[in-house]
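Engineer: One structure, pasted below without further comment.
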Amino acid sequence: MLERIKQMVIKEFIQVFRDKRMKAIVFFTPIMQLLVFGYAVTTDINNITTAYYDLDKSYESRELARRLESSGYFQIKYTPESVKEIQELVDRGKVLCAIQINRGFSRDVKKGIPTEVQVIVDGTDSNTATVAMAYANNITMKYAKDIGSNIISPPGINLSARAWYNPDLRSRNYNVPGVIAIVIMLTCLLLTSMAVVREREIGTMEQLMVTPLKPIELMFGKTIPFAVIGFFDVFLVTLVALFWFDIPMKGSLELMTLATGIYLLSVLGIGLFISTISRTQQQALMATFLFYIPAVLLSGFMFPIENMPRIIQYGTFINPLRYFLVIIRGIFLKGNGIGILWPQMAALLILGIVVMTISSLRFKKRLG
């Protein structure tokens, strides 16, 4: 039995690496996706195009403008001369933020009299608008504190904030481990879902069925190569994350390997199931993305699961990506061990066993 599985695995590897498209999926696609998503998927707001309407034209107002630009969050490109000009800039989408300094700003600052700084933001993108207002507020309050005045609010409460696990609050540290999980899911789903269909399309399925191979041996022979490729891709994109994006990894590599194996059990099972319900590679490809896109959207990668409707939250319990995201982020950023991550790993293992069992029965039935 082992010898037959071994020969089937060798045959599958030869078939995979003979196809140039498969080579691209295995070696280049994961890295390309990680680079694209790693740079593009970010909630950091930098270089906000800003208009600075300075009615005071004093040293203090110019210093505030300098601090806003030096923070890296604001990029002052326009210095309008009227409110109407500000409105036109915002309406045309040339600026996301406009800051107005009223007359008497310098006088009030020197006397310690409360004064106002008006921040106007384009609320079309509510997230960017909220972040921009928060940045402007924090920088202005810091400036007020440094010069001994209270521009925005009276003193009395000093807030001391400290972020654990991601002290620089870099969204990339949070997003890149998640990107690793979704890239591996896509790669393994694509490879596995087309495995059986490809045999049927090129006419070799009948040849396999008349060999001494049993259905279970054929299934192992089809899935083991993609499991090996899955592990290879995990380590490949992890190296890119560590050394290219400088993402910290505080946890155990051994635990990540174990969790990846459990995760691949579910992913390969789903891919195998798709391959048994598809008659052509085009159908397999469409079915793969029909599962993949909702899986990403309902995993907590982009939107918090807690904010979803209750019935949708229940649906996420059958999504393997939901559990693996918690595991991989916990290992990378928090250094969590199995004592903390065991509930997610147990749920992933149960889901993987169920999915693989259903796929195996379907696989045997299809061959029969």
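For the sequence shown, our numbering begins at 4 and goes up steadily by one.
Ideal placement from N, C-alpha and C gives every residue a C-beta, glycine not left out.
So ASP57 and SER109 are in contact, right, with Cβ under 8 Å, and what is the actual spacing, rounded?
Structural biologist: That pair is no contact at about 11 Å.
Engineer: So, for ARG282: in the same chain, excluding its five sequence neighbours on each side, which residues have a beta-carbon less than 8 Å away from its beta-carbon?
Structural biologist: Result list for ARG282: VAL200 and ARG203, in chain order.
Engineer: Is it buried or exposed for TYR317, if we count other Cβ within 10 angstroms and need 16 for buried?
Structural biologist: When all chains shown are included, TYR317 counts as exposed.
Engineer: Distance check for ILE277 and THR131, CA to CA, integer angstroms please.
Structural biologist: C-alpha separation (whole angstroms): 39 Å.
Engineer: According to DSSP, is TYR56 helix, strand or coil?
Structural biologist: Strand at TYR56.
Engineer: With DSSP run on the structure shown, which of helix, strand or coil describes VAL270?
Structural biologist: DSSP places VAL270 in helix when its eight states are reduced to three.
Engineer: Give, in chain order, every unbroken run of the beta strand (DSSP E) that is at least 3 residues long and sits entirely within the region 66-146.
Structural biologist: Fully enclosed beta strand (DSSP E) runs of 3 or longer: 77-81, 100-104 and 120-124.
Engineer: My output table needs one value for ILE150: the three-state DSSP class, helix, strand or coil.
Structural biologist: Three-state result, ILE150: coil.
Engineer: Rounded to whole angstroms, what's the CA-CA distance from GLY338 to SER85? Just pull it up for me.
Structural biologist: Distance between the alpha carbons of GLY338 and SER85: 53 Å.
Engineer: Tell me the residue span of the alpha helix (DSSP H) that contains GLY254.
Structural biologist: Neither: GLY254 is in no alpha helix (DSSP H) and is coded neither H nor E.
Engineer: Would you list the one or two residues that DSSP bridges to ILE51?
Structural biologist: DSSP lists PHE77 as partners of ILE51.
Engineer: Give me the Cα-Cα distance between LEU288 and PHE306, rounded to the nearest whole angstrom.
Structural biologist: Each residue's Cα considered, the two are about 25 Å apart.
Engineer: Between LEU324 and VAL299, is the Cβ-Cβ spacing less than 8 Å?
Structural biologist: In this structure, VAL299 lies closer than 8 Å to LEU324 by Cβ.
Engineer: Would you check if there are 3 or more beta carbon pairs closer than 8 Å linking the region 255-272 to the region 169-183?
Structural biologist: In short, these stretches do not touch, since the Cβ pair count stays below three.
Engineer: With respect to the alpha helix (DSSP H) encompassing GLY318, which residues constitute its N-terminal and C-terminal limits?
Structural biologist: Unbroken alpha helix (DSSP H) run through GLY318: 313-318.
Engineer: Could you tell me which of TYR76, LYS113 and CYS191 sits nearest to PRO33, measuring between CA atoms?
Structural biologist: For the residues TYR76, LYS113 and CYS191, the minimum Cα distance to PRO33 belongs to CYS191.
Engineer: Can you give the Cα-Cα distance for MET348 and TYR326, rounded to whole angstroms?
Structural biologist: Taking the straight line from one Cα to the other gives about 7 Å.
Engineer: DSSP state of ASN322, grouped into three classes?
Structural biologist: Looking at ASN322 - three-state DSSP - the assignment turns out to be coil, as it is neither helix nor strand.
Engineer: So, ILE79 versus VAL112, is the Cβ gap smaller than 8 Å?
Structural biologist: Result no, Cβ atoms of ILE79 and VAL112 do not sit closer than 8 Å.
Engineer: Please classify MET197 as buried or exposed, where buried requires at least 16 other C-beta atoms within 10 Å of its C-beta.
Structural biologist: MET197 is buried by the Cβ-count criterion.
Engineer: At least one CB of chain D closer than 8 Å to the CB of LYS60: is that the case?
Structural biologist: Going by chain labels, chain D is absent from the structure shown, which holds only one protein chain.
Engineer: Tell me the rounded alpha-carbon separation between VAL270 and VAL357.
Structural biologist: VAL270 and VAL357: Cα-Cα distance of roughly 12 Å.
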